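Numbering follows this note's numbering, with no gaps: position 121 of the sequence shown is 359.
Ideal placement from N, C-alpha and C gives every residue a C-beta, glycine not left out.
Since the structure is predicted, the reported quantities are computational estimates derived from the model, not experimental observations.
Worksheet for the structure shown next.
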Amino acid sequence: MKNYYRTIASIAILFTVTILPTIVQTQPPPKTKISQKIRWKPPIPPSSIGIPGNRAQGGGTRGCKPYSGVAALVPPIAQNVAWGRTLINRPTIWLNVPEGLVTGLPIEIVIREQNGKPIAKQLFTTKDRLSSGTIGVTFPAATVLKIDRMYHWEVVLYCDTEDRVDRPLVIQGKIQRVTTPTAISTAKSPLEIAQILAENGIWYDALTQVSEPLCRAKNPELATARSELLRSAKISDSDRIRACF
């Protein structure tokens, strides 16, 4: 009987030594859930913002009526002004175009000093008809924005070519260039850069960081981050990015 128990004990020890480590090694490591939430933190607006902007101005002609809902995707900070900050010379303005755009529509972007003097402008036309969604319009190549200075931008839709000079549709806003946050140097991915930009109140670049790649290809992660950013800033928008100019 003693020999019997010794045999059972030996088998048990052998099973533990040879089998258990194999089971432990083949178990997958626990998954770590990584949060990629983007939250917009509004900066304190400067006292020199000036007149309100953002919503479409003008556009009284019949040809412009379909575009009356066009608006810039910029949080109204104070006095309903579409003001935001950037780190670069050529930021991108993102517009919601709920009715789409027709083929061959002339669009102009104009950058002005605070006193109204234009410093850069560019005119282009849509190559194809664009359905409802979002478009991005980048500042002209000649644009030079000085740190901490306020600028005025305008995106002009010449939606009635017969009345092009007098009655276009104008979407406008304010922009200010600021210095780069030191935290940017620690970012390891485009999404982390967008998070840092949003946390530091740099709206134009944060939105572009998660929007511009979607002009070229689908990216579910960036699309989700973009929706989160807009939602945190209380901005309604289509998830469909139609064009980048």
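Can you tell me the Cα-Cα spacing of residue i and residue j, whole angstroms?
{"i": "residue 331", "j": "residue 465", "result": "17 angstroms"}
{"i": "residue 479", "j": "residue 337", "result": "13 angstroms"}
{"i": "residue 350", "j": "residue 278", "result": "27 angstroms"}
{"i": "residue 437", "j": "residue 468", "result": "13 angstroms"}
{"i": "residue 494", "j": "residue 342", "result": "Since the first residue of the chain shown is 239 and the last is 483, residue 494 is not available in this structure."}
{"i": "residue 307", "j": "residue 445", "result": "20 angstroms"}
{"i": "residue 408", "j": "residue 376", "result": "16 angstroms"}
{"i": "residue 301", "j": "residue 420", "result": "47 angstroms"}
{"i": "residue 458", "j": "residue 430", "result": "16 angstroms"}
{"i": "residue 281", "j": "residue 323", "result": "9 angstroms"}
{"i": "residue 340", "j": "residue 396", "result": "11 angstroms"}
{"i": "residue 412", "j": "residue 471", "result": "17 angstroms"}
{"i": "residue 318", "j": "residue 416", "result": "21 angstroms"}
In terms of residue numbering, what span does the alpha helix (DSSP H) encompassing residue i cover?
{"i": "residue 458", "result": "458-470"}
{"i": "residue 436", "result": "428-437"}
{"i": "residue 452", "result": "Unbroken run through residue 452: none, as it is neither H nor E."}
Where does residue i land, buried or exposed, given buried means 16+ other C-beta within 10 angstroms?
{"i": "residue 476", "result": "exposed"}
{"i": "residue 382", "result": "exposed"}
{"i": "residue 414", "result": "buried"}
{"i": "residue 255", "result": "Summary for residue 255: the model assigns pLDDT 37, below 50, so the residue's position carries little reliability, and this model does not support an answer."}
{"i": "residue 266", "result": "Low local confidence applies: a pLDDT of 43 at residue 266 is under 50, so the model's placement there is unreliable, and no value is given."}
{"i": "residue 426", "result": "exposed"}
DSSP beta-bridge partners for residue i?
{"i": "residue 362", "result": "345"}
{"i": "residue 412", "result": "321, 390"}
{"i": "residue 482", "result": "374"}
{"i": "residue 337", "result": "Answer is none; residue 337 lacks a bridge partner."}
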